[in-house]
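Structure, as C-alpha cells:
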Amino acid sequence: MCFTVSVFAQTHVIETDTGALFDAPEEYQPYYHVSGFVHPHLPVITNNRPDALQMFEWGLIPRWTKNAEAAEEISQLTLNARSETIFDKPSFRDAIVKRRALLPVTGFVEWQHEDKLKLPHLIT
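One point on numbering: in my numbering, the residue at position 115 of the sequence shown is 115, and numbering is uninterrupted.
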C-alpha cells in the first residue's frame, strides 16, 4: 500500500497540468517525500469544484464518525482503500460513489526491502 507521496511541482505547473486554479496558492507546500500518517495538506480537485485546487488534509473521516477522538483513530486506518473492497467497506462506500477527488501528485513512493535496508522508489 502506498502511504507516501511526492508533490513538488510549482503551483503554476500544477494549474497548467490540471486546468484548475489554486484557491489559496500561499497554502501550498511542496513535499519531496511525505507520509500520509502525518496528514499533510495536499492540493485536491473535488468533483464538486473541478476548476479549483483546494488544500485538504490527507485522510478520510467517514460521516458517521461521532467525535474528534474517533475521527483521529479512524483517520489512521483510512489513508488508502483497496479496489477489491472499496464499494463494500462502510468507511469508503459512500465516498467512492458521491465524493470523488483528484490529487495531482508528482509520484508515489513505494518501498523495497533488501536485507536490512528499506529503499524508497518513486513511481511517476
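Here a beta-carbon is modelled for each residue, glycine too, at the ideal position from N, C-alpha and C.
- Looking from the CA of Glu27, the closest CA among Thr18, Asp17, Gln10 belongs to Gln10.
- The secondary-structure analysis by DSSP pairs Ala52 across a beta bridge with Leu21.
- Just so you know, the alpha carbons of Glu57 and Glu73 end up roughly 15 Å apart.
- Selection Leu79, Pro25, His121 evaluated against Ile14 yields Pro25 as nearest (Cα-Cα).
- The C-alpha of Leu122 is placed about 28 Å away from the C-alpha of Ala95.
- In this structure, the straight-line span from the alpha carbon of Lys89 to that of His33 is close to 29 Å.
- Ser35 places its beta carbon 8 Å or farther from that of Phe8.
- A straight-line Cα-Cα distance of about 15 Å links Arg100 and Arg82.
- A Cβ-Cβ separation of about 5 Å places Val44 in contact with Gln54 under the 8 Å criterion.
- Per DSSP, the beta-bridge partners of Ala101 are Thr46.
- Linking Asp51 to Pro40 through their CA atoms gives a straight-line distance of about 22 Å.
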